[in-house]
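*Asks:* Residue numbering for the sequence shown follows the numbering used here, starting at 67 and increasing by one per position.
Ideal placement from N, C-alpha and C gives every residue a C-beta, glycine not left out.
What you are looking at is a predicted structure, and each value in this text was computed from that prediction instead of being measured.
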Amino acid sequence: MKPNDYIIFEDEHLVAINKPAGMLTIPDRKGSSSLKDWLAARYENILTVHRLDRDTSGTIVFAKTEAAHRQLSQLFEGRDVAKYYVGLVLGQPSQPSGTISTGLMEHPVKKGMMVTHAKGKLSVTDYEVLETFRQFSWMQFRIHTGRMHQIRVHMKHLGTPLVGDELYGDGKPVLLSSIKHRYNLSKVELEERPILARLALHSWKLSFTLFGKAYSLEAEPPKDIRATLQQLRKAK
67 MKPNDYIIFE DEHLVAINKP AGMLTIPDRK GSSSLKDWLA ARYENILTVH RLDRDTSGTI
127 VFAKTEAAHR QLSQLFEGRD VAKYYVGLVL GQPSQPSGTI STGLMEHPVK KGMMVTHAKG
187 KLSVTDYEVL ETFRQFSWMQ FRIHTGRMHQ IRVHMKHLGT PLVGDELYGD GKPVLLSSIK
247 HRYNLSKVEL EERPILARLA LHSWKLSFTL FGKAYSLEAE PPKDIRATLQ QLRKAK
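Next up, the structure:
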(Lines of atoms letter the chains of each structure in order from A and count residues from 1; the text may use other names and numbers.)
(Lines give C-alpha, C1' and ligand atoms only; values in the text may rest on other atoms or scores of the structure.)
Protein backbone atom coordinates (compact mmCIF):
# COMPACT_ATOMS: atom_id res chain seq x y z
CA MET A 1 0.00 0.00 0.00
CA LYS A 2 1.53 3.32 -1.09
CA PRO A 3 0.32 5.88 1.49
CA ASN A 4 0.07 8.91 -0.78
CA ASP A 5 -2.09 7.02 -3.30
CA TYR A 6 -4.92 6.80 -0.76
CA ILE A 7 -4.87 10.20 0.97
CA ILE A 8 -7.75 12.34 -0.33
CA PHE A 9 -7.18 15.35 1.91
CA GLU A 10 -5.42 16.37 5.10
CA ASP A 11 -4.95 19.46 7.26
CA GLU A 12 -3.99 20.11 10.87
CA HIS A 13 -7.27 18.59 12.15
CA LEU A 14 -7.86 15.43 10.13
CA VAL A 15 -6.80 13.09 7.36
CA ALA A 16 -9.26 11.59 4.86
CA ILE A 17 -8.43 8.29 3.17
CA ASN A 18 -9.88 6.42 0.19
CA LYS A 19 -9.88 3.04 1.98
CA PRO A 20 -9.15 0.04 -0.24
CA ALA A 21 -11.64 -2.83 -0.13
CA GLY A 22 -10.48 -5.77 1.98
CA MET A 23 -8.71 -3.65 4.60
CA LEU A 24 -9.91 -3.37 8.20
CA THR A 25 -10.48 0.11 9.64
CA ILE A 26 -9.03 -0.87 13.03
CA PRO A 27 -7.20 -4.04 14.15
CA ASP A 28 -9.35 -7.08 14.94
CA ARG A 29 -8.82 -9.58 17.78
CA LYS A 30 -6.50 -11.60 15.56
CA GLY A 31 -4.23 -8.56 15.20
CA SER A 32 -4.80 -8.32 11.43
CA SER A 33 -3.25 -5.35 9.63
CA SER A 34 -5.51 -2.28 9.50
CA LEU A 35 -5.76 1.25 8.18
CA LYS A 36 -5.34 2.55 11.75
CA ASP A 37 -1.99 0.71 12.07
CA TRP A 38 -0.74 2.18 8.82
CA LEU A 39 -1.75 5.72 9.84
CA ALA A 40 -0.30 5.33 13.35
CA ALA A 41 3.08 4.56 11.77
CA ARG A 42 2.84 7.71 9.63
CA TYR A 43 1.38 10.25 12.07
CA GLU A 44 2.32 11.20 15.62
CA ASN A 45 -1.30 11.08 16.78
CA ILE A 46 -4.22 9.42 14.99
CA LEU A 47 -7.70 8.84 16.40
CA THR A 48 -10.57 6.73 15.04
CA VAL A 49 -13.80 8.62 14.36
CA HIS A 50 -15.96 6.11 12.45
CA ARG A 51 -15.56 2.81 10.58
CA LEU A 52 -16.23 1.15 7.24
CA ASP A 53 -16.84 -2.58 6.79
CA ARG A 54 -13.75 -4.49 5.69
CA ASP A 55 -15.12 -5.07 2.17
CA THR A 56 -16.44 -1.51 1.69
CA SER A 57 -14.09 0.92 -0.05
CA GLY A 58 -14.05 4.70 0.06
CA THR A 59 -13.97 7.86 2.13
CA ILE A 60 -13.09 7.57 5.80
CA VAL A 61 -11.85 10.23 8.23
CA PHE A 62 -9.38 10.05 11.13
CA ALA A 63 -8.69 12.87 13.61
CA LYS A 64 -5.19 14.22 14.24
CA THR A 65 -5.91 15.97 17.56
CA GLU A 66 -8.02 15.32 20.66
CA ALA A 67 -10.09 18.46 19.96
CA ALA A 68 -10.82 17.39 16.37
CA HIS A 69 -11.66 13.88 17.59
CA ARG A 70 -14.20 15.23 20.10
CA GLN A 71 -15.85 17.49 17.53
CA LEU A 72 -15.92 14.90 14.73
CA SER A 73 -17.28 12.21 17.05
CA GLN A 74 -20.08 14.57 18.10
CA LEU A 75 -20.86 15.38 14.45
CA PHE A 76 -21.11 11.68 13.52
CA GLU A 77 -23.11 10.76 16.62
CA GLY A 78 -25.41 13.78 16.18
CA ARG A 79 -26.08 12.89 12.53
CA ASP A 80 -24.53 16.17 11.40
CA VAL A 81 -22.45 14.51 8.67
CA ALA A 82 -23.95 13.97 5.21
CA LYS A 83 -22.84 10.43 4.26
CA TYR A 84 -23.22 9.31 0.64
CA TYR A 85 -22.43 5.89 -0.80
CA VAL A 86 -22.69 4.33 -4.25
CA GLY A 87 -23.21 0.65 -5.01
CA LEU A 88 -24.15 -1.93 -7.61
CA VAL A 89 -27.20 -4.07 -6.77
CA LEU A 90 -28.85 -7.09 -8.31
CA GLY A 91 -32.08 -6.27 -10.15
CA GLN A 92 -34.06 -3.03 -9.99
CA PRO A 93 -36.04 -1.56 -7.08
CA SER A 94 -39.79 -1.19 -7.70
CA GLN A 95 -39.42 2.58 -7.10
CA PRO A 96 -36.46 4.51 -8.59
CA SER A 97 -35.99 6.50 -5.37
CA GLY A 98 -37.27 6.50 -1.83
CA THR A 99 -36.47 6.20 1.87
CA ILE A 100 -36.16 3.00 3.86
CA SER A 101 -36.87 3.42 7.56
CA THR A 102 -36.73 0.24 9.65
CA GLY A 103 -35.55 -1.11 12.97
CA LEU A 104 -32.24 -2.99 12.79
CA MET A 105 -30.99 -5.53 15.29
CA GLU A 106 -28.51 -8.40 15.52
CA HIS A 107 -29.65 -11.74 14.18
CA PRO A 108 -30.80 -13.86 17.15
CA VAL A 109 -28.69 -16.84 16.03
CA LYS A 110 -26.18 -15.79 13.34
CA LYS A 111 -23.40 -13.75 14.94
CA GLY A 112 -22.23 -10.72 12.96
CA MET A 113 -25.44 -10.54 10.92
CA MET A 114 -28.19 -7.91 11.16
CA VAL A 115 -31.93 -8.17 10.49
CA THR A 116 -34.81 -5.73 10.14
CA HIS A 117 -37.06 -5.88 13.19
CA ALA A 118 -39.65 -3.57 14.74
CA LYS A 119 -37.82 -3.75 18.09
CA GLY A 120 -34.44 -2.85 16.55
CA LYS A 121 -32.72 0.55 16.48
CA LEU A 122 -34.15 2.99 13.92
CA SER A 123 -32.16 3.03 10.68
CA VAL A 124 -32.86 5.40 7.79
CA THR A 125 -31.48 5.23 4.22
CA ASP A 126 -32.40 7.41 1.23
CA TYR A 127 -31.79 5.68 -2.10
CA GLU A 128 -31.81 6.69 -5.75
CA VAL A 129 -31.23 4.64 -8.91
CA LEU A 130 -28.59 6.39 -11.05
CA GLU A 131 -28.45 3.86 -13.92
CA THR A 132 -30.20 0.62 -14.80
CA PHE A 133 -28.80 -2.34 -16.70
CA ARG A 134 -30.26 -5.69 -17.71
CA GLN A 135 -29.32 -7.50 -14.49
CA PHE A 136 -28.13 -4.69 -12.24
CA SER A 137 -28.76 -1.14 -10.95
CA TRP A 138 -26.13 1.47 -10.06
CA MET A 139 -27.42 3.32 -7.01
CA GLN A 140 -26.66 6.19 -4.65
CA PHE A 141 -27.44 6.05 -0.93
CA ARG A 142 -27.51 8.62 1.82
CA ILE A 143 -27.55 7.19 5.31
CA HIS A 144 -29.00 9.23 8.18
CA THR A 145 -28.02 6.65 10.80
CA GLY A 146 -24.87 4.59 11.05
CA ARG A 147 -26.02 1.09 11.93
CA MET A 148 -23.89 -1.97 11.25
CA HIS A 149 -24.41 -3.24 7.67
CA GLN A 150 -27.24 -0.70 7.24
CA ILE A 151 -27.18 -0.29 3.44
CA ARG A 152 -26.59 -4.01 2.92
CA VAL A 153 -29.60 -5.02 5.03
CA HIS A 154 -31.80 -2.29 3.53
CA MET A 155 -30.98 -3.42 -0.01
CA LYS A 156 -31.85 -7.00 0.90
CA HIS A 157 -35.10 -5.62 2.40
CA LEU A 158 -35.86 -3.96 -0.99
CA GLY A 159 -35.22 -7.25 -2.80
CA THR A 160 -32.13 -5.85 -4.54
CA PRO A 161 -29.10 -7.05 -2.55
CA LEU A 162 -25.67 -5.61 -3.21
CA VAL A 163 -23.53 -7.44 -5.73
CA GLY A 164 -20.92 -9.67 -4.08
CA ASP A 165 -22.62 -9.59 -0.67
CA GLU A 166 -21.98 -12.99 0.90
CA LEU A 167 -24.09 -12.24 4.00
CA TYR A 168 -27.20 -10.64 2.52
CA GLY A 169 -27.05 -11.63 -1.17
CA ASP A 170 -25.79 -14.52 -3.27
CA GLY A 171 -22.14 -13.44 -2.94
CA LYS A 172 -21.46 -14.23 -6.59
CA PRO A 173 -18.77 -12.27 -8.46
CA VAL A 174 -19.46 -10.45 -11.72
CA LEU A 175 -18.09 -12.26 -14.77
CA LEU A 176 -17.50 -10.54 -18.10
CA SER A 177 -19.13 -13.52 -19.84
CA SER A 178 -22.41 -12.69 -18.06
CA ILE A 179 -22.34 -9.14 -19.54
CA LYS A 180 -20.69 -9.58 -22.95
CA HIS A 181 -22.74 -11.47 -25.53
CA ARG A 182 -19.76 -12.86 -27.41
CA TYR A 183 -17.17 -13.62 -24.77
CA ASN A 184 -14.33 -16.03 -25.46
CA LEU A 185 -11.86 -17.20 -22.84
CA SER A 186 -8.28 -16.47 -23.92
CA LYS A 187 -6.10 -19.47 -24.77
CA VAL A 188 -3.83 -18.87 -21.77
CA GLU A 189 -6.70 -18.83 -19.26
CA LEU A 190 -8.01 -22.07 -17.77
CA GLU A 191 -10.97 -20.33 -16.12
CA GLU A 192 -12.50 -16.89 -16.26
CA ARG A 193 -11.39 -14.33 -13.71
CA PRO A 194 -14.17 -12.11 -12.30
CA ILE A 195 -14.11 -8.39 -13.07
CA LEU A 196 -15.71 -7.67 -9.68
CA ALA A 197 -15.16 -10.18 -6.89
CA ARG A 198 -16.18 -8.32 -3.73
CA LEU A 199 -18.92 -6.32 -2.09
CA ALA A 200 -19.90 -3.59 -4.59
CA LEU A 201 -20.29 -0.78 -2.03
CA HIS A 202 -18.25 2.43 -1.90
CA SER A 203 -18.27 5.35 0.55
CA TRP A 204 -18.39 8.18 -1.97
CA LYS A 205 -18.69 11.46 -0.04
CA LEU A 206 -18.68 12.95 3.46
CA SER A 207 -19.76 16.55 4.07
CA PHE A 208 -19.64 18.39 7.40
CA THR A 209 -18.52 21.61 9.10
CA LEU A 210 -15.64 21.45 11.59
CA PHE A 211 -14.39 24.48 13.54
CA GLY A 212 -16.33 26.74 11.17
CA LYS A 213 -14.78 25.21 8.02
CA ALA A 214 -16.93 23.32 5.48
CA TYR A 215 -15.51 19.99 4.29
CA SER A 216 -16.70 17.96 1.29
CA LEU A 217 -14.52 14.89 0.92
CA GLU A 218 -14.99 12.62 -2.10
CA ALA A 219 -13.35 9.38 -3.25
CA GLU A 220 -13.71 8.00 -6.76
CA PRO A 221 -14.89 4.36 -6.87
CA PRO A 222 -11.99 1.91 -7.33
CA LYS A 223 -10.86 0.36 -10.59
CA ASP A 224 -12.87 -2.89 -10.29
CA ILE A 225 -16.19 -1.04 -9.88
CA ARG A 226 -15.36 1.46 -12.64
CA ALA A 227 -14.38 -1.36 -15.03
CA THR A 228 -17.63 -3.23 -14.29
CA LEU A 229 -19.72 -0.12 -14.96
CA GLN A 230 -17.83 0.48 -18.21
CA GLN A 231 -18.60 -3.03 -19.43
CA LEU A 232 -22.28 -2.75 -18.38
CA ARG A 233 -22.60 0.54 -20.29
CA LYS A 234 -20.99 -0.99 -23.40
CA ALA A 235 -23.41 -3.91 -23.29
CA LYS A 236 -26.49 -1.63 -23.12
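With distances taken Cα to Cα, identify the nearest neighbour of M89 among T198, L101 and E172.
*Replies:* The residue given as residue 89 occupies position 23 in the sequence shown. Comparing Cα-Cα distances from M89 to each of T198, L101 and E172, the minimum goes to L101.
*Asks:* For K149 versus L224, is the C-beta spacing smaller than 7 Å?
*Replies:* Position 83 of the sequence shown holds residue 149. Position 158 of the sequence shown holds residue 224. Contact flag unset, no.
*Asks:* Going by CA-CA distance only, name the one from N111, T125 and R200 that's closest to R117.
*Replies:* Sequence index remark: in the sequence shown, residue 117 carries index 51 (1-based). For R117, the nearest C-alpha among the options comes from T125.
*Asks:* Tell me W104's beta-bridge partners as DSSP assigns them.
*Replies:* Here residue 104 is taken as the residue at index 38 of the sequence shown, counted from 1. W104 is not bridged to any residue.
*Asks:* Roughly how many angstroms separate the alpha carbons of D290 and G237, rounded to a whole number?
*Replies:* Along the sequence shown, one-based indexing puts residue 290 at 224. Along the sequence shown, one-based indexing puts residue 237 at 171. Cα to Cα, D290 sits roughly 16 Å from G237.
*Asks:* Quick check: what's the CA-CA separation for E197 versus I217?
*Replies:* The sequence position of residue 197 within the sequence shown is 131, counting from 1. The sequence position of residue 217 within the sequence shown is 151, counting from 1. Taking the straight line from one Cα to the other gives about 18 Å.
*Asks:* Would you grab the beta carbon distance between Q158 and S203 for me? Rounded to a whole angstrom, and I think it's under 8 Å.
*Replies:* Counting from one through the sequence shown, the residue named residue 158 turns up at place 92. Counting from one through the sequence shown, the residue named residue 203 turns up at place 137. With a Cβ gap of about 5 Å, Q158 and S203 count as contacting.
*Asks:* Quick one: grab the DSSP three-state call for L224.
*Replies:* Numbered from its first residue, the sequence shown carries residue 224 at position 158. L224 falls in the helix class under three-state DSSP.
*Asks:* Please classify Q206: does DSSP put it in a helix, a strand, or coil?
*Replies:* Against the sequence shown, residue 206 aligns to sequence position 140. Residue state, collapsed to three classes: strand.
*Asks:* Considering only residues of the same chain and omitting the five flanking positions on each side of V240, which have a CB-CB separation below 7 Å?
*Replies:* The residue given as residue 240 occupies position 174 in the sequence shown. These residues qualify, in order along the chain: V229, P260, I261, L262 and T294.
*Asks:* Taking contact to mean at least 3 C-beta pairs separated by less than 8 Å, is the stretch 155-169 in contact with the stretch 125-143?
*Replies:* no
*Asks:* Check for me: the beta strand (DSSP E) holding D192 runs from which residue to which?
*Replies:* If you number the sequence shown from 1, residue 192 lands on position 126. From DSSP, the beta strand (DSSP E) with D192 extends over K187 to T198.
*Asks:* In whole angstroms, what is the alpha-carbon distance linking T211 and H268?
*Replies:* Residue 211 sits at position 145 when you count from the first residue of the sequence shown. Residue 268 sits at position 202 when you count from the first residue of the sequence shown. Rounded to whole angstroms, T211 to H268 spans 17 Å at the Cα level.
*Asks:* Please classify F277 as buried or exposed, where buried requires at least 16 neighbouring CB atoms within 10 angstroms.
*Replies:* Stepping through the sequence shown from its first residue, residue 277 is reached at position 211. Classification of F277: exposed, given that the 10 Å Cβ count is below 16.
*Asks:* Between the alpha carbons of K185 and A107, how many angstroms are there, rounded?
*Replies:* As a first step, residue 185 is located in the sequence shown; it is residue number 119 there, counting from the start. As a first step, residue 107 is located in the sequence shown; it is residue number 41 there, counting from the start. One C-alpha to the other measures close to 42 Å.
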